[in-house]
Each structure stands twice: as structure tokens, then as C-alpha cells.
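All remarks here apply to the structure that follows.
2 protein chains.
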Amino acid sequence: MRLSHLFAPTLREDPAEAEIPSHRLLLRAGFIRQVMAGVYTTLPLGLRTMRRIETIVREEMDAAGAQEIRMPIVLPAGPWQATGRYELYGENLFRLTDRHQRQLLLGPTQEEVVAPLVAADVPSYRDLPLNLYQIEWKYRDEFRPRFGLLRVREFLMKDAYSFDRDEDGMRESYRIMYEAYERIFARCSLEIVIVEADPGQIGGGVNHEFMARAQVGEDLFVECENGDYFADTEAARPREPEPAGEGTESLTEIDTPDTPTIESLATLLGIEPSRTLKCVMFDVAGRSAAVLVPGDREVNVNKLEKLVFPEKVRPFEDEDFAARGFVKGYVGPQGFDEAVTIFADLTVRGGRDWVTGSNRQDRHVTGANVDRDFRVDRWEDLVEFREGDPCPVDGGTLHIGRSIVLSHIYQLGTKYSEPLGARFVDEDGAEKAYRMGCYGIGISRILAAAAEQWHDDRGLAWRRALAPFQVVVIQATADHEPSVGRSERIYDGLVERGIEVLLDDRGESAGVKFADADLIGCPVQVIVGKRGVDAGTVDLKLRVTDERSTATLDGAVDAVVALLEAAP
Amino acid sequence: MRLSHLFAPTLREDPAEAEIPSHRLLLRAGFIRQVMAGVYTTLPLGLRTMRRIETIVREEMDAAGAQEIRMPIVLPAGPWQATGRYELYGENLFRLTDRHQRQLLLGPTQEEVVAPLVAADVPSYRDLPLNLYQIEWKYRDEFRPRFGLLRVREFLMKDAYSFDRDEDGMRESYRIMYEAYERIFARCSLEIVIVEADPGQIGGGVNHEFMARAQVGEDLFVECENGDYFADTEAARPREPEPAGEGTESLTEIDTPDTPTIESLATLLGIEPSRTLKCVMFDVAGRSAAVLVPGDREVNVNKLEKLVFPEKVRPFEDEDFAARGFVKGYVGPQGFDEAVTIFADLTVRGGRDWVTGSNRQDRHVTGANVDRDFRVDRWEDLVEFREGDPCPVDGGTLHIGRSIVLSHIYQLGTKYSEPLGARFVDEDGAEKAYRMGCYGIGISRILAAAAEQWHDDRGLAWRRALAPFQVVVIQATADHEPSVGRSERIYDGLVERGIEVLLDDRGESAGVKFADADLIGCPVQVIVGKRGVDAGTVDLKLRVTDERSTATLDGAVDAVVALLEAAP
Chain A
121 MRLSHLFAPT LREDPAEAEI PSHRLLLRAG FIRQVMAGVY TTLPLGLRTM
171 RRIETIVREE MDAAGAQEIR MPIVLPAGPW QATGRYELYG ENLFRLTDRH
221 QRQLLLGPTQ EEVVAPLVAA DVPSYRDLPL NLYQIEWKYR DEFRPRFGLL
271 RVREFLMKDA YSFDRDEDGM RESYRIMYEA YERIFARCSL EIVIVEADPG
321 QIGGGVNHEF MARAQVGEDL FVECENGDYF ADTEAARPRE PEPAGEGTES
371 LTEIDTPDTP TIESLATLLG IEPSRTLKCV MFDVAGRSAA VLVPGDREVN
421 VNKLEKLVFP EKVRPFEDED FAARGFVKGY VGPQGFDEAV TIFADLTVRG
471 GRDWVTGSNR QDRHVTGANV DRDFRVDRWE DLVEFREGDP CPVDGGTLHI
521 GRSIVLSHIY QLGTKYSEPL GARFVDEDGA EKAYRMGCYG IGISRILAAA
571 AEQWHDDRGL AWRRALAPFQ VVVIQATADH EPSVGRSERI YDGLVERGIE
621 VLLDDRGESA GVKFADADLI GCPVQVIVGK RGVDAGTVDL KLRVTDERST
671 ATLDGAVDAV VALLEAAP
Chain B
121 MRLSHLFAPT LREDPAEAEI PSHRLLLRAG FIRQVMAGVY TTLPLGLRTM
171 RRIETIVREE MDAAGAQEIR MPIVLPAGPW QATGRYELYG ENLFRLTDRH
221 QRQLLLGPTQ EEVVAPLVAA DVPSYRDLPL NLYQIEWKYR DEFRPRFGLL
271 RVREFLMKDA YSFDRDEDGM RESYRIMYEA YERIFARCSL EIVIVEADPG
321 QIGGGVNHEF MARAQVGEDL FVECENGDYF ADTEAARPRE PEPAGEGTES
371 LTEIDTPDTP TIESLATLLG IEPSRTLKCV MFDVAGRSAA VLVPGDREVN
421 VNKLEKLVFP EKVRPFEDED FAARGFVKGY VGPQGFDEAV TIFADLTVRG
471 GRDWVTGSNR QDRHVTGANV DRDFRVDRWE DLVEFREGDP CPVDGGTLHI
521 GRSIVLSHIY QLGTKYSEPL GARFVDEDGA EKAYRMGCYG IGISRILAAA
571 AEQWHDDRGL AWRRALAPFQ VVVIQATADH EPSVGRSERI YDGLVERGIE
621 VLLDDRGESA GVKFADADLI GCPVQVIVGK RGVDAGTVDL KLRVTDERST
671 ATLDGAVDAV VALLEAAP
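Same order as they appear, the protein sequences are chains A and B.
Going left to right, the first sequence walks through residues 121 to 688 as the working numbering numbers them.
Going left to right, the second sequence walks through residues 121 to 688 as the working numbering numbers them.
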């Protein structure tokens with residue numbers, strides 16, 4: 121493709137509205153243009169990269185046995201009302217009415233379409249498992265679209281849906297998709313973190329996010345400094361400490377007037393908060409439960425909720441303490457009867473001779489020890505993650521990283537098939553709801569994430585897998601016929617070798633061409649100018665590393681092919 | 121692909137809602153499923169055929185120098201208000217408001233997006249001509265969606281837009297697209313009619329429609345029985361008759377009481393209406409004009425409007441006759457002064473000795489002859505086409521045909537660039553509005569039109585160009601291991617040869633498999649059953665012609681390849 125012909129308008133200046141590198145550079149390099157807030161036109165260069173991503177995704181989905189279909193964008197509201205998401209999505213859902221006043225919406229995801237589709241035509245267990253996917257634009261009316269292709273209102277997604285007879289089948293379908301996703305992201309050459317995640321509005325059970333590391337990312341995750349542990353911030357757990365051993369102090373009640381908080385207690389006694397044992401009270405399905413954590417840590421209520429699901433968790437309110445005989449601010453686990461379930465976080469194993477509440481107003485105890493002075497019914501992971509916590513795998517330091525979530529996969533169970541009546545006839549003749557999984561990948565998000573991972577201050581620096589063109593041949597001396605002729609021959613030679621090449625044949629100065637080549641970011645640059653051609657050579661440059669080399673005029677095509685094969 | 125695995129649910133019964141073959145068969149053969157009125161999911165077989173159409177279109181557009189981009193579906197209303205189409209489309213436009221109460225719409229076409237895009241980034245004449253296209257879903261809130269994929273609310277379209285400096289450039293861009301379209305439809309193997317057409321709501325000047333013949337089509341056109349003339353019903357013109365020569369009668373005024381219509385006059389005189397000369401009066405930009413046609417024909421006002429454009433045409437009302445001195449019902453062209461422009465349709469040349477009005481109440485003349493008794497200022501094509509008219513090319517009989525419009529291309533001029541302020545800087549430094557062309561092809565319509573042209577009472581009968589799979593290998597005796605094994609080897613052999621093959625490996629009866637093979641309609645069927653395999657043969661069948669042949673087991677792959685190469 122000749123650059124003189126390509127619709128790839130580059131911008132010299134940084135667009136004022138662009139806050140992050142991918143937004144700024146995709147605009148400047150002529151990959152995208154904004155139509156309105158959060159809605160973009162994809163220009164030829166952007167479309168080429170998007171198509172590469174699509175091709176990788178499609179090939180891996182097909183190889184994993186999924187089948188491509190195409191579902192509508194404009195959808196009837198009915199099924200969404202049946203699953204409750206018509207309300208749940210709130211203002212994030214684009215709603216409209218047609219000329220006959222029927223309520224419609226623009227699909228943000230497609231469980232409500234695909235489940236009835238499969239239920240209508242696959243009534244038998246013999247046709248399972250089944251996995252259907254599509255690559256189509258999705259809609260979400262973001263309150264404040266920003267960050268270019270990262271927080272948008274229209275985005276291209278691959279969404280797949282698996283249908284199985286039972287939980288085992290669903291888990292197997294999930295495993296197959298998980299592994300396909302690992303291959304997809306490896307082929308995209310992206311630096312990815314996979315974490316177990318929160319299901320959010322999609323709901324269901326086990327789920328994972330595939331995140332691209334990015335300094336500007338809005339999505340946080342936890343990682344070990346040694347790279348052997350990754351987790352969602354909600355799910356991260358610190359390493360279980362070495363047991364502290366038996367207590368050395370005896371249980372002693374002390375006067376601690378006006379110390380209902382850990383802070384006031386530690387100050388009064390002149391000790392670290394970590395020496396105290398916090399005893400937090402909850403109502404779990406009508407019964408009392410205590411959660412023990414070291415005084416310097418917080419209980420992660422989500423973790424407790426997951427532990428006791430489907431039972432409901434509610435923190436004690438003032439009247440609960442009074443009504444159930446607990447002294448607020450001075451609760452300790454000693455002497456709790458069997459009616460109270462005592463949970464302890466694993467970190468509590470690392471302490472002994474605790475200071476904790478005495479269950480009497482304005483008094484605490486010292487020297488409280490597990491088993492000797494109070495029992496624990498369940499040892500569990502129940503604390504909030506803290507920056508700097510030790511890694512559960514190797515004890516290394518855990519840090520919070522920033523990323524862009526590219527993909528979220530879910531085991532949905534019957535969450536959608538049940539309310540939508542999406543059933544099949546099982547071997548025993550009984551009608552059963554499908555076990556579903558759903559598997560998304562943001563295609564347009566990958567484009568942005570790649571631009572975030574692959575750029576420098578001069579522009580984009582594509583890896584081969586997603587580059588819009590592999591090579592740019594630059595006519596560095598536009599008015600020097602011999603070098604222009606040579607550039608054409610090298611261009612033709614590369615095209616013959618099946619390589620996607622851009623030829624910068626514009627009447628611009630060498631400086632403008634070099635700047636645009638660095639901005640657009642094709643992996644290999646071939647610079648054909650008067651000085652080189654007079655000396656019988658062309659210059660080659662690897663965009664990512666800035667490594668330069670020369671090749672003879674006749675050896676240029678082979679040299680480019682070799683360079684490209686070795687390029688990242 | 122194994123049919124046991126493919127999501128291609130076939131239906132035994134005709135769906136009640138399907139009125140035409142393509143709708144009925146695309147549903148029954150598992151190509152599409154309805155989600156709501158006029159909105160469909162495309163299943164794997166349908167998607168494969170749609171992708172083939174897309175590929176042909178994309179290759180020919182790229183070869184013609186057009187560049188692919190992708191524009192949004194959800195659009196801001198502003199530019200549509202600027203061009204007036206926000207109102208003009210009326211209830212056919214899907215409208216919505218976002219959470220910030222901004223007016224949006226779902227794009228039915230994209231002039232309002234692409235013109236500002238190009239104007240923002242291509243300010244120089246040096247970057248012209250430019251042709252940008254996309255393949256994307258379009259929206260139209262049809263009052264009564266029906267006929268499957270023919271009258272829908274969501275449809276896949278290729279839309280291209282050309283930008284030129286001047287009218288000559290625009291015409292050249294149009295010619296390039298016209299020829300690309302001829303290649304596209306030839307490659308699709310569709311039987312196509314190209315007619316000059318009415319611009320409709322898109323507006324502009326020269327435009328053509330590419331129509332697929334179809335008995336169920338809603339779009340009418342005129343064609344000669346000898347296949348050498350095609351036209352839009354509005355534009356069709358009959359052959360100019362042989363001149364009738366000089367008159368033999370003298371001009372004679374006769375009493376014709378109470379005969380203000382051709383019918384009453386012909387009845388009174390006992391002559392054919394075609395012997396009378398009708399003189400129809402119009403106001404053209406404030407002046408009087410007469411249009412002469414034989415008494416048995418009607419004036420086509422559209423043709424007159426096009427002739428005098430941009431002047432406005434209005435048929436005479438009662439008061440015009442009185443005010444301008446014409447006797448309504450008795451007007452004849454004799455003695456009209458130069459202030460009246462006299463148009464005559466070319467068919468008037470075929471008559472002489474006309475009976476026409478005498479310009480006096482209740483009186484006509486006989487023996488009126490052109491030039492001798494009245495003048496004609498302009499000989500033009502001005503009659504309404506009539507079924508059975510002679511062809512202008514060869515005199516053969518013209519008939520009205522039915523079709524499905526697949527494509528409409530337009531020379532738009534500055535119709536959109538002007539109101540949208542889409543300008544470039546020309547060589548002389550002046551800012552000028554682009555000359556645009558627009559070029560649509562209905563991808564999902566081609567799918568339906570192909571199904572209309574290629575089916576019989578047993579099902580679909582794909583031509584190779586658009587077949588979802590080229591070959592189906594049928595295991596006709598599912599419980600006979602040797603023939604099942606043979607079918608697998610033939611299947612593998614065909615796949616190795618790069619052919620897209622379906623293997624019917626289901627546990628169904630031979631009858632069900634044969635019926636489904638005819639229903640889905642792959643061009644070549646390979647039937648591998650016990651009887652044949654015992655005799656060392658397989659049966660081959662060409663779906664379109666129903667021709668059957670046999671091949672040896674070892675020669676089966678070669679025989680299929682040869683058969684396929686000869687298949688339509």
C-alpha cells in the first residue's frame with residue numbers, strides 16, 4: 121500500500137482531549153477518529169490491526185470447537201426484563217422505542233439472545249456441549265466516556281456462550297475457553313495477568329479476568345514481586361504466618377476506660393495495634409458470628425459473604441449488641457457459647473498473648489491465647505489485602521498493579537437459563553436448565569492496550585502480531601530518481617514475498633517521513649535515500665529497539681525478511 | 121465440519137410466518153433465526169455464505185482503490201439535522217436519547233459521518249480522489265417488516281463514498297464503482313439487471329440500481345423479451361414509431377357536444393382512442409406548456425420534470441384554463457402562439473390525421489397534422505411506459521419484471537458536502553465542497569436474493585460462489601462400519617484438497633440425511649452407503665441439476681473435485 125494513497129491522516133500536535141498515550145497516539149497516527157464522546161470511527165490502519173486481533177481470536181475459538189454466529193445489536197426488552205438486567209443496568213443501557221412503541225435496547229452482552237436461541241433449537245442433551253460465539257459491536261451508555269478506546273460507548277467484543285448438561289461439563293467448557301484465551305493473548309504478544317475476579321453484574325460463580333499491564337490502567341490487581349502470584353484486589357490473600365506457638369502470659373483482665381476502638385486501646389497501653397485482637401460481630405442468617413483479625417487489619421466482608429453463601433451477612437448494628445448481650449467496643453471471643461460461630465483469619469495464627477475485649481464495659485484482657493482461652497470454629501482467609509503483604513506462594517512482597525481488563529470469563533450455571541426458561545431434555549427425559557458459561561474479549565480494547573504497552577515518546581511501536589503493516593519503505597530523497605526507483609523495487613520484492621508493506625511515496629521531506637514512520641510504528645523501517653543508494657546500501661531500523669543496520673541494495677529484501685523474522 | 125457438531129438446526133415444517141421461498145428455506149435449513157420482527161440472528165451456515173459475499177465485495181472494492189474503514193452505528197443527530205434527513209426519514213429512523221438527553225440515531229446510511237471525517241483530515245485537492253467504504257449493519261424502522269431478510273430493520277450493507285474535486289472526477293469515480301459492481305455480481309453468479317433509477321431520499325443526479333431477478337421481488341423494472349433493454353418503470357421509453365408520413369385529410373372542425381374526455385370523444389366518433397391526439401396543459405415556471413401524446417397514452421410527469429429541471433412543473437388547474445384562454449376538454453395545438461411551449465412525445469410521430477381539440481367548447485377538429493396544422497417545439501420521451509410497448513432497441517415486446525434491488529449507486533454532487541460544510545482547498549486556493557458519490561450493496565439482501573434464485577421445492581441449491589460448504593459427504597448407512605470409515609477417508613481427502621466439506625455423521629436415517637442435504641443445498645453430494653461400498657462405489661449428485669453419477673471408492677475424491685469444478 122502506498123502511503124500517498126492511504127487514508128491515514130497523521131497529526132503533528134497532541135490532541136487536547138487525549139489524556140493517555142494510547143488515545144493520543146491512535147489519534148495522532150491516524151488509526152481512529154472521534155465521532156462523539158465515546159464513539160469512534162476506525163480508519164484503515166486501525167481496522168487492519170483490529171482485523172489481526174479478530175483473526176487470532178476467531179482461529180483460536182474455532183480451534184477450540186466454538187462456532188461463530190452473529191446476533192443482532194437492537195434487541196427486544198422482554199428477555200432483559202425476565203432476567204432483571206433491564207433494571208440492573210440502569211442508565212448504562214441504551215434504550216429506545218420503535219415506531220410501534222415497543223421497548224428495545226442496544227445489546228451490552230447477549231445472554232438474553234443466545235439462551236433462547238439454543239433452547240428453541242437444541243432440545244436434546246445429545247447436541248451438547250455447544251459453544252456459540254460472535255464478534256460484534258456492543259453498547260454501554262458510559263456516564264463519562266474517556267481514555268480513547270478504553271472507556272467507550274461502542275466497542276467491539278468477541279462474546280462466546282457455552283451450554284452444558286451439568287456442572288462438570290460447564291467446568292470443562294470453561295477450561296477449554298481458559299486455555300484458548302491463554303493462546304490468544306500469547307499470539308497477540310501482550311503482557312497479560314490472569315486473576316480470579318469478582319463476577320459483578322454478570323453474576324455466577326468461578327470467573328477470571330485477563331488483564332494487560334498498563335500504567336494508565338484503571339483496573340487494579342495484586343501481584344507478588346517475584347511474579348508467582350496474581351489476584352484481584354478483592355480476592356488477594358496474604359501468606360499464612362508461621363504459628364506463633366503457645367502463649368506465655370496468663371489471661372488477665374485490665375481496666376481500659378473509654379477505649380472502644382483499637383486505636384484508643386493501643387494508645388492507652390502503648391502497644392502496636394497488631395498486638396490486639398479485633399473481634400468483629402456479624403449477623404449471619406439470624407445467628408451471631410464473630411470474625412477475629414489482628415487489630416491492624418480489616419475484615420473483608422465480601423470474603424465472609426462468599427464463605428457463607430447463600431446465607432446473608434449483615435454487620436451488627438448497635439441494637440444487635442444490646443439485644444444479644446454483647447458489649448460494643450469491648451467484645452472478646454473468650455467464653456462465647458456454641459450459638460456464636462467464631463471465624464478467625466489465618467493471620468491470627470501468627471500472634472499470641474493477645475489483648476482483646478473482656479466482654480465488660482471499659483475493660484479488656486491481656487494474654488488471650490487461641491484454644492487455651494477461646495475456641496476458633498473456622499480458620500479462613502478473611503482479611504482485606506494490604507499493599508506490602510507477604511505473598512501466599514513465596515512470602516515475597518505483594519504490590520498493587522494497574523491494568524486494562526481485556527477479557528472476563530464466567531461460569532454462569534443456571535443464572536440466565538433458569539429465568540429465560542432455556543431448557544433441554546436430558547437422557548432421563550427430564551427438562552433441565554442449561555449450565556452456561558460466558559467468555560468475552562474486548563477486541564477494540566486490545567487495540568488500545570497494545571498501544572499502551574507498545575509505544576515510546578516518538579509514537580507507536582507495534583509487535584509483529586498486531587502491526588497494521590510489517591514494514592515501511594521510506595523514500596528518503598523524494599526527488600532522487602535512482603533511490604525512488606530502488607525503493608519501488610524493494611517494495612515490490614517484499615510484496616512478492618507476501619509481506620504487508622507500506623511505501624512512503626509522498627512528496628514530503630525526509631524528516632516528516634521519519635517522524636510519521638516512528639509515529640505509525642511498523643516493526644521494520646527501510647530507509648532508501650540518495651546517500652545510501654549512491655554507496656549501494658539502504659538503512660534498516662527495528663522500530664521497537666531502535667537498532668539500525670545496513671543492507672546492500674540487492675540484499676535488502678532478504679535482510680528485511682530476516683530482520684522481521686527476528687523482530688518481536 | 122461435522123454436521124453432528126454444527127449448529128444448523130433444520131426444521132421439518134414450513135414456518136407459518138414465512139411467505140416467500142428465501143424466508144421459508146433460510147429458516148428451515150438453519151441459516152437464520154428471528155429475534156423479533158425484522159431482526160435476525162445469523163447462524164453458522166448463514167454466516168459462512170454472508171462472509172463469502174463480504175469477501176467478494178471487499179476484494180473488488182480494494183481492487184478498485186477504495187479503502188475500508190468502520191464507522192459507528194450510534195450517531196449524533198446534529199449532522200442529520202444539518203442535511204435535513206433527521207426529519208425526512210420520519211418514523212423510519214431509529215431515534216434514541218442518551219443518559220445526558222442528547223439526541224442520537226442508528227445509522228441507515230453514513231454520508232453524515234463520512235463527509236465531516238474526510239473534510240477534517242483531507243483539506244487538500246492533492247489527496248483526491250478518495251473512496252472510503254465499510255461493511256456494517258444499518259438500521260431502518262420499517263413499518264411492517266416481512267419477507268425474511270428482504271424487508272428488515274437491521275441489515276448488513278457495504279457502503280462506499282467517493283470524494284472528488286469536480287464533476288468529471290465524480291463521474292470517473294462512479295464509473296469505477298459501476299464496473300466493480302458488475303464484477304461483484306458476476307462473481308456472485310447472480311442473475312442481475314442494471315437499470316437507471318430514481319434517486320429517492322438519497323437525492324442527487326445519475327444513479328443506477330442493480331437488481332436480482334426474483335418472482336417474489338417487490339421492485340419492478342421493464343425489460344425487453346429479447347434481453348437487450350432494461351429500465352426502471354419510471355424511466356422506460358417505448359420505441360419511436362416509423363413516421364406516419366404526410367396527412368391525407370384536410371383540417372375540419374366538427375361538432376362534438378359534451379365530449380371533454382378522450383373516451384367520450386372516441387365513443388361519439390366510433391374511433392380508437394389512439395386516433396385522437398391528447399393535449400395536456402402544464403404550468404412550467406409561470407409559462408404555459410402543452411404536452412402532446414396519442415389519446416390512448418398518459419403523460420409521465422416525472423419525465424417532464426426532469427426535462428425542465430430546475431424549473432418547476434404544475435399541471436393546469438381549472439382556473440389556469442380560464443385565466444389563460446384555453447378551453448378545458450377541447451384543447452388542440454393548432455394556432456398556439458410562441459408563448460406556449462409545445463412538447464410532443466416521440467410516439468406522436470407514428471400518427472397523422474389526428475382528431476384533437478378545436479380550442480372551442482364542444483367542438484373538435486379532424487385531419488390535424490404535425491407541421492402543416494400545428495408546430496412542435498420539442499420532440500421528447502414523455503409517455504408512461506405500458507406493458508407490451510415495443511422495445512426502443514429492437515422493437516421486441518417490453519414486459520414488467522419483478523426483482524430485488526441489491527444495490528443502488530448515486531452521483532450525489534454537493535448535496536451532502538454543501539450543508540455539512542465538507543470542503544477541501546483546491547489548487548487555486550479556494551475552498552470548495554467535495555463532489556461525492558455513494559455506493560451501497562446489501563450483503564444480507566444478496567443472501568436472500570441468492571436463495572430466491574437458487575432453490576426448488578426440496579430446498580436451497582447454492583452455486584459454488586456463495587455455498588456455505590462446497591460438498592456434503594453423507595454417511596447413508598450410519599451403522600455400517602466399512603462405509604462410515606470410507607466416508608471419513610473421502611471427507612479427509614477433500615479437506616486435504618482445500619475443499620470446504622460437511623460430513624453428515626449424525627445417527628439419523630438415510631432419508632433424513634438426504635432431505636437435509638437437499639434442504640441445505642451444498643453443490644455436490646457424496647453418498648457413501650453399504651450397498652455402494654460393497655460394490656466398490658459411491659454415488660455423486662449435483663444438487664442444482666440433480667445429475668447423478670458414481671465413482672470408485674479410490675477415485676471418489678478426484679471425481680468430486682472434477683464435478684465441483686464443472687458445477688455452476
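Backbone N, C-alpha and C fix where the C-beta goes; we use that ideal spot for every residue, glycine too.
For T534/B, the closest alpha carbon among the candidates E231/B, I152/B and N420/B is that of E231/B. For the 9 Å CB-CB criterion, F275/B and L269/B form a contact. E418/B: not part of any alpha helix (DSSP H); DSSP gives it neither H nor E. If you compare the alpha carbons of R444/A, P430/A and A351/A with that of F436/A, the shortest gap goes to R444/A. DSSP places H528/A within a strand segment (E or B) once states are collapsed to three. When the Cα atoms are used, V653/A and T597/A turn out to be separated by approximately 10 Å. What L167/A touches in chain B, judged by beta-carbon distance under 8 Å, is E188, I189 and R190, going in chain order. Against chain B, the CB of G268/A has no partner CB under 9 Å away; the residue lies outside that interface. With the rule of 3 Cβ pairs closer than 8 Å, the segment 217–233 of chain A does not count as touching the segment 666–675 of chain A. If only complete runs of 4 or more residues are kept, the segment 135–202 of chain A shows the alpha helix (DSSP H) at 141–148 and 164–183, in order along the chain.
By the rule that beta-carbons nearer than 9 Å mark a contact, L163/B touches chain A.
For the set S603/A, A364/A, N479/A and E360/A, the Cα lying nearest the Cα of T376/A is the one of N479/A.
Around L250/B, the beta-carbon contacts reaching into chain A at under 8 Å are F127.
Contacts with chain B (Cβ-Cβ distance below 9 Å) from the segment 214–244 of chain A involve F214, R215, L216, T217, D218, R219, H220, R222, L224, L226, V233, V234, P236, L237, V238, A240, D241 and V242, listed in chain order. For P512/A against G471/A, the beta-carbon gap comes to about 18 Å, at or over 8 Å, which does not count as contact. Taken through DSSP and simplified to helix, strand or coil, L270/A comes out as coil. Using a Cβ-Cβ cut-off of 9 Å, G557/B does not count as an interface residue toward chain A, since no Cβ of chain A sits closer than that to its own. Taking 7 Å as the upper bound on Cβ-Cβ separation, chain B lies near residues R153, V155, M156 and V159 of the segment 143–159 of chain A. When DSSP assignments are scanned along the segment 494–529 of chain B, the uninterrupted stretches of beta strand (DSSP E) that are 3 or more residues long and fall wholly within it turn out to be 498–500.
Of the candidates Q154/A, A355/A and G210/A, A355/A places its Cα closest to the Cα of R506/A. At the C-beta level, F589/A and L252/B stay beyond 9 Å of one another.
For Y298/B, no chain A residue has a C-beta closer than 7 Å to its own C-beta; the minimum C-beta separation is roughly 21 Å. Fully contained in the segment 223–302 of chain A are the following beta strand (DSSP E) runs of length 3 or more, in chain order: 223–226, 250–259 and 274–284. Cβ neighbours of Y160/A within its own chain (closer than 6 Å, five residues either side excluded): I152 and Q154.
The segment 177–195 of chain B makes contact with the segment 123–139 of chain A: 3 or more CB pairs, one atom from each, lie closer than 8 Å. With the criterion set as a beta carbon lying under 9 Å from some beta carbon of chain B, the segment 538–549 of chain A has no members that meet it. With respect to V326/B, E338/B sits apart: the two C-beta atoms are not nearer than 9 Å. For F263/A, the closest Cβ of chain B is nearer than 9 Å. Residue pairing by DSSP puts V475/B in a beta bridge opposite T396/B. For the segment 270–297 of chain A, residues whose beta-carbon sits nearer than 9 Å to a beta-carbon of chain B comprise R273, E274 and L276. Judged by DSSP in its simplified three-state form, K633/A adopts helix.
Rounded to whole angstroms, the Cβ separation of V677/A and R617/A is 7 Å, and the two are in contact under 8 Å.
The DSSP-derived three-state label of S603/A is helix. Of all C-beta pairs linking the segment 166–186 of chain A to the segment 287–303 of chain A, three or more are shorter than 8 Å, placing the two stretches in contact.
Around the beta carbon of N346/A, fewer than 16 other beta carbons lie within 10 angstroms, which makes this residue exposed.
In this structure, the CA atom of T175/A is about 21 Å from the CA atom of P192/B.
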